[in-house]
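I have placed the structure first, in the form of structure tokens, so that the comments after it can refer back to it.
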């Protein structure tokens, strides 16, 4: 119900150990009908073939009719709208624009903020930052239930020990990458001094701004020299 596009056709499910809503494997139905991922039983939900097609998007007029009876954002309503949690997850009408239903762009998204969140999640997971990584024991337990990743499964004889993933770096690999970041040079005003964001003692980044994350994801990771450097560190 969290997707304003799919609405009641959203196939989200609840993670038993992680205790979060999950949309994993929902994206395959948006691929072309002849895409090989539809028949892949190993890389996604185990032993599952995707046979569904993407549901049609709601029109602007349909969405406006949904929220027409809701209270404006400036008013406080003590009761939840009819159908909340069953047919929709909306509680208020965020805007009062007569022409809103004719807009082609329905959402005003902060791309830089989203990009920073994506960077933080990926970087902290690959660098295996304690307390920041998205890879934890509960994730591995849910992964065993949903997928078939033998190299990531937790050993039943040692239930509290999580095997190291191939996508996470060793301490020596992390040290080399952070040293490389401290030596980066940019034109004036292109980005902040990334060397100040590196904590060599804790081996982590801090105080990264949205623009710094944008430069890192859009420029630095795409450099051939970075790919070569990562291969030397044993990261493929």
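Residue numbers (the working numbering): 286 to 521. The C-beta atom is built at its ideal place from N, Cα and C for all residues, glycine as well. Predicted, not measured: the structure shown is a model, and the values here were computed from it.
Let me confirm a value: residue 451 is counted as buried when at least 16 other C-beta atoms fall within 10 Å, else exposed. Which label applies? exposed
Please name the residue or residues paired with residue 339 in a DSSP beta bridge. Paired residue(s): none; residue 339 is not in a bridge.
Ordered along the chain, which non-local residues of its own chain (more than five positions away) have a Cβ less than 7 Å from that of residue 372? 293
Who does residue 307 pair with in a DSSP beta bridge? Looking at the DSSP assignment, residue 307 forms a beta bridge with 298.
Under the rule that 16 or more other beta-carbon atoms within 10 Å means buried, what is residue 427, buried or exposed? buried
Can you tell me whether residue 394 is buried or exposed, with buried defined as 16 or more other CB within 10 angstroms of its CB? exposed
Please determine, among 431, 455, 468, the residue with the shortest C-alpha to C-alpha distance to residue 302. 431
Any 3 or more C-beta pairs closer than 8 Å across the region 483 to 493 and the region 408 to 421: yes
Counting along the chain, where does the alpha helix (DSSP H) carrying residue 352 start and finish? Unbroken alpha helix (DSSP H) run through residue 352: 345 to 352.
Pairwise C-alpha distance: residue 311 and residue 296: 6 Å
Just to confirm my understanding: we take residue 405, look at its own chain, exclude 5 residues before and 5 after, and list those with CB closer than 6 Å. What are they? none
State the DSSP-derived secondary structure class of residue 395, mapped to helix, strand or coil. Of the three classes helix, strand and coil, the one that applies to residue 395 here is coil, per DSSP.
So, with DSSP's three-state summary, where would you put residue 369? strand
Reducing DSSP to helix, strand and coil, say where residue 427 ends up. helix
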